[in-house]
Amino acid sequence: MSIEFKTTSEPTIKDVTVHPLVLLSAADHYHRVARGTRKRAVGVLLGTVQRGRVDALNSFAVPFEEDSKNPSVFYLDHNYLENMFLMFRKINAKERIVGFYSTGPQIRANDLRIYDIVQKFSPAGAPPAIFCIIDVRPDRQSIPTTAYCVVEELGQQGGVEKAFAHVPSLIGAIEAEEVGVEHLLREINDPTISTVASLIKAKMAGLSTLKENLLEMKNYLEECAAGEKKVNHDILANAQTILNLLPNLNVEELVRSMLIKTNDMYMVIYLSALIRSVIALHDLVNNKIRYMEDEQTTDMKGEEKKEEETPKPKIIETTSTVKEEK
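Heads up, the sequence shown is in our numbering, so the first residue is 5 and it goes up one at a time.
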């Protein structure tokens, strides 16, 4: 028998915007504390909330330990959290605690208890704290953040229980952060990878993400049809909108136009790669010729210098001295 829940409180958070500084801090925290282990890193998010939109501008790490065998046992340093927040408050008084992050990559049993601790440091009357999972795995192709907020749900026994509800998450940056990220990407850019290859790689990453999302939608619809999950009408409306936006590929004119457009794009890519290869080969030949000319010039200068430095032999006249002796 499946348990049906009724939501008694709607989430007041519309979306969560995570800034690059938070991503860098969380990745550094994970590599310092939990790299190569099954542990996770937990920290506090600082930022602002305006009209239900959360901006996570900064963060700091918090000492955290949990027992892998007993999920109910964990340790979070309250004093460290309070002292760090007071120091950050002296630097920027506008930033306040808006939630906490975890390197997950999934929700765990202790997260609701961590939420209760972090919520104590939120000011009175402020929206509830958000929970953000930051996935630091390098093989992840989609956006590395997943945001949740806490809502109250009514269970089968009639009691009110807290649960995490998904909230849309974004990656945003102010102008100064965009400049810093651009300089950082320049340092890690691989010059051996061509622009065409990077574009194709980005297309493949987008298609793989689309495949994952479609599989997730398929599994959700199958579970709803089997009665394992409750039906969410908002999700069904979005799925119907996506299906309505799909083009009708049975029209011959549309198929022909798509094929022509694809062939034109591939022709441009092919010609660009061919021209780039010819130019690279031409530069290589010119470089080789220039190198040989410089080498010949250097050898000629070396030979002339040796001839100038070589001393000429002195001719000694012995006949006059012999006659004088006689």
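Backbone N, C-alpha and C define an ideal beta-carbon position, used for all residues, glycine too.
Around the C-beta of Pro132, are 16 or more other C-beta atoms found within 10 angstroms, so that it is buried, or is it exposed? In the sequence shown, the residue the question calls residue 132 occupies position 128. Per the 10 Å Cβ criterion, buried.
Burial state of Ala130 (16 or more Cβ within 10 Å): On the sequence shown, residue 130 is found 126 positions in, with the first residue counted as 1. Counting of Cβ neighbours within 10 angstroms places Ala130 among the exposed residues, the total staying below 16.
Which residues bound the alpha helix (DSSP H) around Phe78? Here residue 78 refers to the residue found at position 74 of the sequence shown. First-last for Phe78: Phe78 to Leu80, but that is the beta strand (DSSP E), not the alpha helix (DSSP H).
Best match in Ile137, Arg57, Ala113 and Asn83 for proximity to Lys124 [C-alpha to C-alpha]: Here the question's residue 124 lines up with position 120 in the sequence shown. The shortest C-alpha separation from Lys124 is found at Asn83.
Rounded to the nearest angstrom, what separates Cys228 and Pro251 at their Cα positions? Taking the first residue of the sequence shown as position 1, residue 228 is located at position 224. Taking the first residue of the sequence shown as position 1, residue 251 is located at position 247. Answer to the nearest angstrom: the Cα atoms are 26 Å apart.
Ranges of the alpha helix (DSSP H) found wholly within the region 164 to 236, counting only runs of at least 4: Runs of the alpha helix (DSSP H) lying entirely within the region 164 to 236 and spanning at least 4 residues, in chain order: 179 to 192 and 199 to 230.
The beta strand (DSSP E) enclosing Leu258, as first and last residue numbers: Sequence index remark: in the sequence shown, residue 258 carries index 254 (1-based). Counting along the chain, Leu258 falls outside any beta strand (DSSP E), though it belongs to the alpha helix (DSSP H) covering Glu256 to Glu313.
Roughly how many angstroms separate the alpha carbons of Ala177 and Gly210, rounded to a whole number? Translated into positions along the sequence shown, residue 177 becomes position 173. Translated into positions along the sequence shown, residue 210 becomes position 206. Whole-angstrom Cα-Cα distance: 21 Å.
Beta-carbon separation of Val20 and Val183 under 7 Å? Within the sequence shown, the letter at position 16 stands for residue 20. Within the sequence shown, the letter at position 179 stands for residue 183. Cβ atoms of Val20 and Val183: not closer than 7 Å.
DSSP-derived helix/strand/coil call for Ile138: What you label residue 138 is simply residue 134 of the sequence shown in a count that begins at 1. In this structure, Ile138 counts as strand in the three-state DSSP scheme.
Rounded to a whole number of angstroms, what is the C-alpha to C-alpha distance between Ile175 and Leu219? Locating residue 175 in the sequence shown gives position 171, counting from the first residue. Locating residue 219 in the sequence shown gives position 215, counting from the first residue. For Ile175 and Leu219, the gap between their C-alpha atoms comes out near 24 Å.
Let me know the secondary structure DSSP gives Thr245 once reduced to three states. For this step, residue 245 is matched to residue 241 along the sequence shown. Of the three classes helix, strand and coil, the one that applies to Thr245 here is helix, per DSSP.
Identify the continuous beta strand (DSSP E) that holds Asp59 and give its terminal residues. Numbered from 1 along the sequence shown, position 55 holds the residue referred to as residue 59. It spans Arg57 to Ala65 - the beta strand (DSSP E) in which Asp59 sits, taken as one unbroken run.
Cα-Cα separation, Thr11 to Phe168: Here the question's residue 11 lines up with position 7 in the sequence shown. Here the question's residue 168 lines up with position 164 in the sequence shown. Note that Thr11 scores 48 on pLDDT, short of 50, meaning its location in the model is unreliable and no value can be drawn from it.
Per DSSP, the bridge partner or partners of Arg100: Taking the first residue of the sequence shown as position 1, residue 100 is located at position 96. In DSSP, Arg100 forms a bridge with Gly51.
List the DSSP bridge partners of Ser146. In the sequence shown, the residue the question calls residue 146 occupies position 142. Answer by DSSP bridge pairing: none, since Ser146 is not bridged.
Here's the rule: buried if 16 or more other CB atoms are within 10 angstroms of the residue's CB, otherwise exposed. What is Gly56? By 1-based counting over the sequence shown, the position of residue 56 is 52. Around the beta carbon of Gly56, fewer than 16 other beta carbons lie within 10 angstroms, which makes this residue exposed.
Taking 7 Å as the limit between beta carbons, can you name the residues of its chain near Val66, skipping five residues before and five after? Translated into positions along the sequence shown, residue 66 becomes position 62. Counting only Cβ-Cβ distances below 7 Å, and skipping sequence neighbours, we find Val46, Gly47, Val48, Leu80, Asp81, Tyr84 and Leu85.
What does a CB cutoff of less than 6 Å around Ser29 pick up in its chain, not counting 5 residues either side in sequence? Counted from its first residue, the sequence shown places residue 29 at position 25. Same-chain partners within the cutoff: Ser63.
Does the separation of the CB atoms of Ile111 and Val58 fall below 7 Å? As a working mapping, residue 111 is identified with position 107 in the sequence shown. As a working mapping, residue 58 is identified with position 54 in the sequence shown. 7 Å or more divides the Cβ of Ile111 from the Cβ of Val58.
Please classify Phe125: does DSSP put it in a helix, a strand, or coil? Numbered from 1 along the sequence shown, position 121 holds the residue referred to as residue 125. Coil at Phe125, not helix or strand.
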